[in-house]
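So the protein sequences, as listed, match chains A, B and C. Residue 347 is where the first sequence ends in numbering that gives the first Met the number 0, and the numbering goes up by one at each step. Residue 184 is where the second sequence ends in numbering that gives the first Met the number 0, and the numbering goes up by one at each step. Residue 453 is where the third sequence ends in numbering that gives the first Met the number 0, and the numbering goes up by one at each step. Here the structure comes first, spelled out in structure tokens, and everything after it is commentary.
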Amino acid sequence: MYLLQIDWWIFFEKLILVAVIVTTALVVAMYSTYAERKIAAFLQDRRGPNRAGPFGLLQPMADGLKLFMKEEIIPMTSSKFLFVLGPMLAMITACMTSAVIPWGSTIDIKGHQVPLQISDINIGILYIFGVVSLGVYGIMIGGWASNNKFSLLAAVRGASQMISYELAMGLSLLAVLMLVGDLRMSSIVNHQIANGWNVLYQPLGFLIFFICALAECNRTPFDLPEAENELNFGYHQEYSSMKLGFYLFAEYINMFISAVVMSTLFFGGYDIPFVNEAAWGNHWWVGLIGFVVLMTKAALFIFLFMWIRWTIPRFRYDQLMNLGWKKLLPLALVNMLITAVVILLLHK
Amino acid sequence: MGITQILFWILAITAIFSALMVVISKNPVYSVLWLIVTFFTISGHYILLNAQFLAVVNIIVYAGAIMVLFLFVIMLMNLNKETEPQKSKWLKLAGAVAGGCLLLVLVAGLRHTEKQMTEMVTGDIGLIQNLGKVLFKDYVVPFEISSILFLSAMVGAVVLGKKEPRIPVETEMRKVEETQQAINI
Amino acid sequence: MNALIFSAVSGVIMMFSSFLLNNKNSVRVLAHVLLLATIIANIFELRGISFFHIDTRGMLEFDRFALLFTLVANVCTFAFFLLSSRDLEKIGNHYSDYFSLLFFILAGIVVSSSFKSLLMLFLGIEILSIPLYILTGSDKRNLKSNEASLKYFLMGSFSTGLMLMGIALIYGATGTFQTGITVAEKVPVLLITGMMLLLFSMSFKVSAAPFHFWTPDVYDGAPTVVTSFMATVVKAAGFIAFMRLFAEEFGSIRPEWKLLVGIVAAVTLFIGNITAVFQQSVKRMLAYSSISQAGFMMLAIYSLSNDAKEGLILYAAAYSLATIGIFAVLVRMKDYTFEGFNGFAKQQPFLAGILVVFLLSLAGIPLTAGFLSKFYMLKATIDGGSLALAIFAVLMAAVSVYYYFRLIQSMYFKTGNATISGTTTGFKYTLAALAGITILLGIFPNLLTNWLYF
Numbered sequence: 000m001y002l003l004q005i006d007w008w009i010f011f012e013k014l015i016l017v018a019v020i021v022t023t024a025l026v027v028a029m030y031s032t033y034a035e036r037k038i039a040a041f042l043q044d045r046r047g048p049n050r051a052g053p054f055g056l057l058q059p060m061a062d063g064l065k066l067f068m069k070e071e072i073i074p075m076t077s078s079k080f081l082f083v084l085g086p087m088l089a090m091i092t093a094c095m096t097s098a099v100i101p102w103g104s105t106i107d108i109k110g111h112q113v114p115l116q117i118s119d120i121n122i123g124i125l126y127i128f129g130v131v132s133l134g135v136y137g138i139m140i141g142g143w144a145s146n147n148k149f150s151l152l153a154a155v156r157g158a159s160q161m162i163s164y165e166l167a168m169g170l171s172l173l174a175v176l177m178l179v180g181d182l183r184m185s186s187i188v189n190h191q192i193a194n195g196w197n198v199l200y201q202p203l204g205f206l207i208f209f210i211c212a213l214a215e216c217n218r219t220p221f222d223l224p225e226a227e228n229e230l231n232f233g234y235h236q237e238y239s240s241m242k243l244g245f246y247l248f249a250e251y252i253n254m255f256i257s258a259v260v261m262s263t264l265f266f267g268g269y270d271i272p273f274v275n276e277a278a279w280g281n282h283w284w285v286g287l288i289g290f291v292v293l294m295t296k297a298a299l300f301i302f303l304f305m306w307i308r309w310t311i312p313r314f315r316y317d318q319l320m321n322l323g324w325k326k327l328l329p330l331a332l333v334n335m336l337i338t339a340v341v342i343l344l345l346h347k
Numbered sequence: 000m001g002i003t004q005i006l007f008w009i010l011a012i013t014a015i016f017s018a019l020m021v022v023i024s025k026n027p028v029y030s031v032l033w034l035i036v037t038f039f040t041i042s043g044h045y046i047l048l049n050a051q052f053l054a055v056v057n058i059i060v061y062a063g064a065i066m067v068l069f070l071f072v073i074m075l076m077n078l079n080k081e082t083e084p085q086k087s088k089w090l091k092l093a094g095a096v097a098g099g100c101l102l103l104v105l106v107a108g109l110r111h112t113e114k115q116m117t118e119m120v121t122g123d124i125g126l127i128q129n130l131g132k133v134l135f136k137d138y139v140v141p142f143e144i145s146s147i148l149f150l151s152a153m154v155g156a157v158v159l160g161k162k163e164p165r166i167p168v169e170t171e172m173r174k175v176e177e178t179q180q181a182i183n184i
Numbered sequence: 000m001n002a003l004i005f006s007a008v009s010g011v012i013m014m015f016s017s018f019l020l021n022n023k024n025s026v027r028v029l030a031h032v033l034l035l036a037t038i039i040a041n042i043f044e045l046r047g048i049s050f051f052h053i054d055t056r057g058m059l060e061f062d063r064f065a066l067l068f069t070l071v072a073n074v075c076t077f078a079f080f081l082l083s084s085r086d087l088e089k090i091g092n093h094y095s096d097y098f099s100l101l102f103f104i105l106a107g108i109v110v111s112s113s114f115k116s117l118l119m120l121f122l123g124i125e126i127l128s129i130p131l132y133i134l135t136g137s138d139k140r141n142l143k144s145n146e147a148s149l150k151y152f153l154m155g156s157f158s159t160g161l162m163l164m165g166i167a168l169i170y171g172a173t174g175t176f177q178t179g180i181t182v183a184e185k186v187p188v189l190l191i192t193g194m195m196l197l198l199f200s201m202s203f204k205v206s207a208a209p210f211h212f213w214t215p216d217v218y219d220g221a222p223t224v225v226t227s228f229m230a231t232v233v234k235a236a237g238f239i240a241f242m243r244l245f246a247e248e249f250g251s252i253r254p255e256w257k258l259l260v261g262i263v264a265a266v267t268l269f270i271g272n273i274t275a276v277f278q279q280s281v282k283r284m285l286a287y288s289s290i291s292q293a294g295f296m297m298l299a300i301y302s303l304s305n306d307a308k309e310g311l312i313l314y315a316a317a318y319s320l321a322t323i324g325i326f327a328v329l330v331r332m333k334d335y336t337f338e339g340f341n342g343f344a345k346q347q348p349f350l351a352g353i354l355v356v357f358l359l360s361l362a363g364i365p366l367t368a369g370f371l372s373k374f375y376m377l378k379a380t381i382d383g384g385s386l387a388l389a390i391f392a393v394l395m396a397a398v399s400v401y402y403y404f405r406l407i408q409s410m411y412f413k414t415g416n417a418t419i420s421g422t423t424t425g426f427k428y429t430l431a432a433l434a435g436i437t438i439l440l441g442i443f444p445n446l447l448t449n450w451l452y453f
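Set out below in structure tokens:
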């Protein structure tokens, strides 16, 4: 009888939204692999994948199929449960972040106001931060459970790197929060629609956030957990088949999500620049346009990520730590301080 | 029983079970992982009390940072069943009896608690706006004083963690750096 | 408030001095000046002049008791600085950081002696403890120091956990963190449970038996200079917090805990004194002696009268000064065992004489401050209605004479070559001044206790 108390409309609305968003994330991540190889090829003056389908467009499918078909190996000496749990956690935490991102403006379907956001909790940005901070467990558990020294070293590297960069990331976020005065993702976007994008007020904060996002996604130049020339293959060395696929996939999802988060926090989310789209009303196509705009911004960031990956070499470990603790952290603090002072003066 | 109560029972049982597993697990890594589960259930309780900010901060600080460091250290020390020092059976028994006695006394004492004190779902003191106001108005003095605590912990981390410089190695390093610079030029 | 802000700011200044001043002497002088400034600021507040007006919302109350104890603690720390600050240098490279930690401890002492809210009690006790965990382990190359630090930290955080649990239960029972609750006819069970947990954790912090197990190991393992500080000033501060907590928060439910505190006091006296008899190392003996002195200070909490308050302040001063003095000599000795003191009187008659004064004061021989403070405690206990406990305490004090006199015996009546290094004239005069204060307080205790009223 409790089931009767549930508002079925909201239930299905959210269910559909979740399905759509997760599928989108997966598809985008899938084609990110393709894009990555194409961009790498472009930067290195090659052709890249071009056999499977037109322009090699079916290549991700083929790769996925290959990963599914491969023999599954769980090492004898590994800790079985944790070995399986590792990639699961990596995937789950990668997908969870999408829950609080506003994907588009509220639309009107047959009298129902449907926000294109799974949940607009009043601590949205902290939720993202919390989930991101959990992302490290996938790597750590997987690396430890493999019972392989290289994996373990990579996992430990990954953990310390993520923790170090989380601090600067959080501090750069704080400055944004001071500007907006609310932790809800929707109000952060609305604030930007009304007052201009945050990146205009927080260029330094954005830069710090961007660098930290690179580090959190374990992308070059911060891909020390998978530094193949030092650690063979990094933390997922013992993994094979789709478990390996999950790890690789989670990285791309993370990249997509952090691109979306950056667009939302600093580049106005689904806001179309120089256009007052709120005047168009709550039609479904307005929401769709907003979604497309957000995706375009995210795509630009993903391209930036890949561009960096194929142009900048990897950091040495001590350089990485120096950058995180001695440069980004003080910079973020100074940024926060300046923001606070300016806000205080303006309010007076 | 409403949904809140069902959730409460599920969370409470998971919390106690995982807390027990922290103690029982042979492998320290498993203990840490169970502890993380415990933190999650506690965060769940915070959400039931409508204290979302506390819930998420609990996860960020404990599960996301502190436990990662714990895991980090335990993994690096490579503790496992073989290297674990075995206490004598009697000591274990004594510990169990002592802990059980404490539990017994607490349960016996608190069984007669006068009133029901929790307010589920209602109450919004845990929301971030209210929490911030209380923290910076009523509790601003303790808030500021706790900064002394953190400062001393930070000084302590430097005192304990900083590498003791040894003069011969340092001069050696300087030489190395000088040669490196010479090469760069 | 003066002392709190001055000592916290001094801690920060000392922190920066580590890279602004590269001369150890100037760091030391700076520390002395800052502490002197703190003392003067505190005296101003004791005379009714507060430099800062901060609305603490009733969470801190700087009454005369708190201020006077802060003064005592600061002056004892000053004596400690004068005598032992050179020895801090020998611990490691972070000379100025040690000072800054000590200043933070002083800030914690102010908070924990003037709290009016359980939240503040927790903060104060933590600010006291955390720098101590670090200072205990500051001798990084010494395994014993590492072990002591870890042990102290683990046990300490466990007792902090108990304290928080207790505070939570009390909050559940009363709905407030403020002390000074009034209870109805029937005392809530939650309150009693919380009170017990707080009793346990505070007993741990002041190393009262049966929560004293960490004390000998930690005091023995820590660098001797640090032991000197934490066995004296910090322990006394713990007692002041203990006293304040039980007088203000649990004063109204006294029948519930009086017997328990009495038992804790008796057990502490017994264990501390009897075990101290068997020690071969002077440092370890002093650790157990600190436990037994804690037993005497527990008597103040048992009786909770005005006499007890005066006595506790006097006790804190007498015990701290004497122990700091003995430790200051001990640090410079080559051998920490009783044999190491053989023939000390022949080589250093002046220092030996001063040590005798300190030892007599600890043992509670008349004409020293130690006697009067013990007297106050006993008087308060008898007024509090327990003659048996007082008699037991006297018996135990008699036992303590044995091990204090054993040191005197090896100094004066045994031959050997006790070696001591680095005794300057200034050091000797400072020690003599401490001994002078000890005797002066033993004759005119009003010099100190009058501050409570005028």
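We put the beta carbon where it would ideally sit given N, CA and C, even for glycine.
When the Cα atoms are used, G204 (chain A) and K325 (chain A) turn out to be separated by approximately 16 Å. Annotation for D107 (chain A): the continuous beta strand (DSSP E) segment containing it runs 103-108. For A317 (chain C) against A307 (chain C), the beta-carbon gap comes to about 15 Å, at or over 8 Å, which does not count as contact. The C-alpha of E125 (chain C) is placed about 12 Å away from the C-alpha of L150 (chain B). Sequence-ordered contacts of the stretch 127-139 of chain C with chain B read I129, P130, Y132, I133, L134, G136, S137, K139 [C-beta pairs closer than 9 Å]. Nearest to N145 (chain C) by C-alpha distance, out of C:L34, C:A221, C:T437, C:Y375, is C:A221. Three or more Cβ pairs closer than 8 Å define a contact, and the stretch 47-67 of chain B meets that threshold against the stretch 123-132 of chain A. When secondary structure is reduced to three states using DSSP, T37 (chain B) falls in the helix class. Taken in chain order, the whole alpha helix (DSSP H) runs of length 4 or more contained in the stretch 39-113 of chain C are 63-87, 94-112.
Proximity to A18 (chain A) across A:A98, A:K109, A:S240, A:V333 peaks at A:A98, based on C-alpha coordinates. Nearest to L84 (chain A) by C-alpha distance, out of A:L223, A:M161, A:M241, A:L199, is A:M241. Between the stretch 318-329 of chain C and the stretch 390-399 of chain C, the count of C-beta pairs closer than 8 Å stays below three; the two stretches do not touch.
Measuring C-alpha to C-alpha distances from G384 (chain C) to each of C:F114, C:G261, C:M13 identifies C:G261 as the nearest. Look at P130 (chain C) here: in three-state DSSP terms it is helix.
Rounded to whole angstroms, S163 (chain A) and V155 (chain A) show a C-alpha spacing of 12 Å.
A174 (chain A) places its beta carbon less than 9 Å from that of M335 (chain A). Leaving aside the five residues that flank L126 (chain B) on each side, the residues in its chain whose CB is nearer than 8 Å to its CB run, in chain order, N49, A50, Q51, F52. In the structure shown, Q58 (chain A) adopts helical secondary structure according to DSSP, grouped into three states. Within the stretch 23-48 of chain B, the residues whose Cβ lies closer than 7 Å to any Cβ of chain A are, in chain order, V28. Using a CB distance cut-off of 9 Å, G63 (chain B) counts as an interface residue toward chain A.
Within its own chain, the residues whose Cβ lies closer than 6 Å to the Cβ of V21 (chain B), once the five positions on either side in sequence are excluded, are S30, W33, L34, listed in chain order.
A contact is defined here as three or more CB-CB pairs under 8 Å, and the stretch 405-420 of chain C meets this definition with respect to the stretch 340-352 of chain C. With a beta-carbon spacing of about 5 Å, S83 (chain C) and V224 (chain C) fall inside the 8 Å limit used to define contacts. Taking the Cα positions, L354 (chain C) is about 16 Å away from P365 (chain C).
Taken in chain order, the complete alpha helix (DSSP H) segments of 4 or more residues contained in the stretch 272-321 of chain A are 283-308, 316-320.
Taking C-beta atoms as the reference points, H211 (chain C) and T135 (chain C) fail to come closer than 9 Å.
Taking the C-beta atoms as reference points, G52 (chain A) is found no nearer than 9 Å to T92 (chain A).
Q236 (chain A) sits in coil when the DSSP states are folded into three classes, being neither helix nor strand.
V113 (chain A) carries a strand assignment under DSSP once its states are collapsed to helix, strand and coil. At least one C-beta of chain A is nearer than 9 Å to the C-beta of I58 (chain B).
Put simply, the backbone Cα of P329 (chain A) is about 23 Å away from that of A7 (chain C).
Distance from the CA atom of F295 (chain C) to the CA atom of M332 (chain C), rounded to whole angstroms, is 29 Å. Taking the CA atoms as reference points, L57 (chain A) sits about 39 Å from V67 (chain B). Between the stretch 26-40 of chain A and the stretch 6-14 of chain A there are fewer than three C-beta pairs closer than 8 Å, too few to call the two in contact. Contact between the stretch 184-191 of chain A and the stretch 298-310 of chain A is absent: fewer than three C-beta pairs spanning the two stretches fall below 8 Å. Closest in alpha carbon position to G57 (chain C), among B:K136, B:S146, B:V158, is B:K136.
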